[in-house]
Amino acid sequence: MMEQVFFYIFSIIAVISAISVISARSAVRSAFYLIITLMQVAAIFILLRSPFLAAVQVFIYVGAVMVLFLFAVMVLDIGREKLVAYMHHQSVIAVPAVIVFFIMGAYMIIRGGWNVSNAGFPEAALAKSSEVIGKEMFGRYLFPFEVVSLVLLIALIGAVALVLRGREKDKQC
Amino acid sequence: MLLSYLPVLIMIGFVSFMAIAVLLMSAVFSPKNPYHEKLIAWECGLEPVGEANKGRFRVHFFVISILFVIFDVETLYLFPWATLLADKSISGFIFVEMIIFVAVLALGLIYAWAKGALEWV
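Chains as they are written, first to last, in our numbering: chain X, 1 to 173; chain P, 1 to 121.
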């Protein structure tokens, strides 16, 4: 019962801030409203007994993705007026797609076909879900885990190399 | 299990309440005497030009943000790892695994440092 109350609190805040994202005038403000929305989604993940997903949500979306969003907003210098110049009739396709998606979503919610259950796990087992993920990650999937560090290393070196090459070109000019 | 998150919720609620209350109090009780000079943004005493979020930013911010994103992802992997460390039977093994993981990423940091990508010139 209490859980439902909290679910409604989080989802109402999420929907209100999501509407604010698309109605805010400045792009930076939209980005900050998006942070609120994503934090509410993280709270809903905790209600779904998935603390690891909540941590992923906060680290990746609120941390990393929002930094890149804000970076793009700052660097690209897109105001409302300039944004219109980048629109090439996407709305003609977007509006029917959104309407179809909305009708499908409403149909599924009203029919109640989607039940979120504990998937047969007792409450005590769900409390340990991040330990289970850790055991799998550091046990059976050890090699992919170490490969992740290599992939991240390649991304880092690539980014540094790209910027340094640009700097050398600046020196030549 | 959900009850263990109650302190977090109380903390967030208390902090939000404090922040909103301070803003509300200062909005209600502060003396208001607005005029044009007071309302414009302060730019070292000069006439303000454009908005703060418009303009050219250094590409250097790109390296800093990419570094942040990569080490952010690294921290994410530390989270399930930290929950397992209390388990004595595997803690030694996974500790070494994580040291290898961090060492590979530290190579990248050393590379960025040695190449001077972190220097703010």
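For each residue, glycine too, the CB sits at the ideal point set by N, CA and C.
Chain P contact residues for residue i, given Cβ-Cβ distances below 8 Å
i	result
VAL163 (chain X)	VAL59, HIS60, PHE62, VAL63, ALA117
PHE52 (chain X)	PHE79, PRO80
Residues that residue i contacts on chain X, provided the C-beta gap is smaller than 7 Å
i	result
GLU37 (chain P)	Within chain X, no residue comes near GLU37 (chain P); the closest Cβ sits about 23 Å away, beyond 7 Å.
ILE10 (chain P)	Residues of chain X passing the Cβ test: none, with the nearest at roughly 13 Å.
8 Å Cβ cutoff, residue i in contact with chain P
i	result
ILE211 (chain X)	Nothing can be reported for residue 211 (chain X): it is not among the residues displayed for chain X, which extend from 1 to 173.
ILE103 (chain X)	no
PHE234 (chain X)	Since the displayed chain X opens at 1 and closes at 173, residue 234 (chain X) lies outside it and no answer follows.
SER130 (chain X)	yes
ALA125 (chain X)	no
ILE19 (chain X)	no
VAL56 (chain X)	yes
ILE12 (chain X)	no
ALA64 (chain X)	yes
ILE60 (chain X)	yes
LEU48 (chain X)	no
GLY174 (chain X)	Limits of chain X in this structure are 1 at one end and 173 at the other, which puts residue 174 (chain X) out of reach.
Any chain X beta carbon closer than 8 Å to residue i
i	result
PHE29 (chain P)	no
VAL69 (chain P)	yes
GLU74 (chain P)	yes
GLU143 (chain P)	A question about residue 143 (chain P) goes unanswered here, because the residues of chain P that appear run from 1 up to 121.
ILE94 (chain P)	yes
LEU2 (chain P)	yes
ILE20 (chain P)	no
Cross-chain neighbours of residue i in chain P, by beta carbon under 7 Å
i	result
SER149 (chain X)	PHE101, VAL104, LEU105
Contacts around residue i, its chain only, beta-carbon distance under 8 Å, and the 5 residues preceding and following it disregarded
i	result
SER17 (chain X)	TYR33, LEU34, ILE36, THR37, GLN40
ALA24 (chain X)	SER30, TYR33
Contact list for residue i against chain X, beta-carbon separation under 9 Å
i	result
TRP81 (chain P)	GLY134, MET137, PHE138
ALA112 (chain P)	LEU156, ILE157, ALA159, VAL160
ILE40 (chain P)	Under the 9 Å cutoff, chain X gives no residues; its nearest Cβ is about 17 Å from ILE40 (chain P).
Of the residues the options, the one placed nearest residue i, counting alpha carbons only
i	options	result
PHE69 (chain X)	P:GLU47, P:ALA117, P:PHE61, P:TYR5	P:PHE61
GLU146 (chain X)	P:VAL102, P:ILE12, P:LEU118, P:ALA117	P:VAL102
LEU47 (chain X)	X:TYR61, X:VAL5, X:SER26	X:VAL5
LEU76 (chain X)	P:VAL59, P:ALA112, P:GLY108	P:VAL59
GLY130 (chain P)	X:GLU123, X:LEU164, X:ILE44, X:VAL73	Lying before the first or after the last residue shown, residue 130 (chain P) is absent from chain P, which here runs from 1 to 121.
LEU124 (chain P)	P:CYS44, P:VAL73, P:GLY92, P:VAL22	With chain P covering 1 to 121 only, the question about residue 124 (chain P) has no answer from this structure.
ALA155 (chain X)	P:TYR111, P:GLU43, P:ALA19	P:TYR111
PHE138 (chain X)	P:LEU118, P:MET25, P:ILE100, P:LEU109	P:ILE100
THR75 (chain P)	X:VAL92, X:PHE59, X:GLY166	X:PHE59
ALA55 (chain X)	P:VAL63, P:VAL15, P:ASP87, P:ALA82	P:ALA82
LEU109 (chain P)	X:ALA72, X:ILE93, X:GLY158	X:GLY158
SER26 (chain X)	X:PHE143, X:VAL73, X:ALA161	X:VAL73
ARG178 (chain X)	P:TRP113, P:LEU118, P:ALA114, P:ILE94	For residue 178 (chain X) there is no data in the structure shown, the boundaries of chain X being 1 and 173.
LEU2 (chain P)	X:PHE10, X:SER50, X:MET87, X:LEU150	X:SER50
Neighbour list for residue i in chain P, Cβ cutoff strictly below 9 Å
i	result
PHE69 (chain X)	Simply none; closest approach about 10 Å.
LEU153 (chain X)	ILE70, VAL104, LEU105, LEU107, GLY108, TYR111
Under 8 Å by beta carbon: chain X residues contacting residue i
i	result
LEU84 (chain P)	GLU131, GLY134, LYS135, PHE138
Residue i CB to nearest heavy atom of the ligand MN below 7 Å
i	result
ASN33 (chain P)	Summarising the ligand content, the structure contains no ligands, and the ligand MN is consequently not present.
Beta-carbon proximity list for residue i, same chain, < 6 Å, skipping 5 on both sides
i	result
LYS128 (chain X)	none
Rounded Cβ spacing between residue i and residue j (contact assumed at less than 8 Å)
i	j	result
SER65 (chain P)	VAL28 (chain X)	Not quite, the Cβ-Cβ distance comes to about 15 Å (not below 8 Å), so this is no contact.
PHE52 (chain X)	PRO80 (chain P)	6 Å
GLY134 (chain X)	LEU84 (chain P)	4 Å
PRO48 (chain P)	ALA41 (chain P)	5 Å
ILE70 (chain P)	LEU152 (chain X)	5 Å
ALA43 (chain X)	PHE10 (chain X)	5 Å
VAL28 (chain P)	VAL160 (chain X)	That belief does not hold up - the Cβ atoms of VAL28 (chain P) and VAL160 (chain X) are roughly 51 Å apart, past 8 Å.
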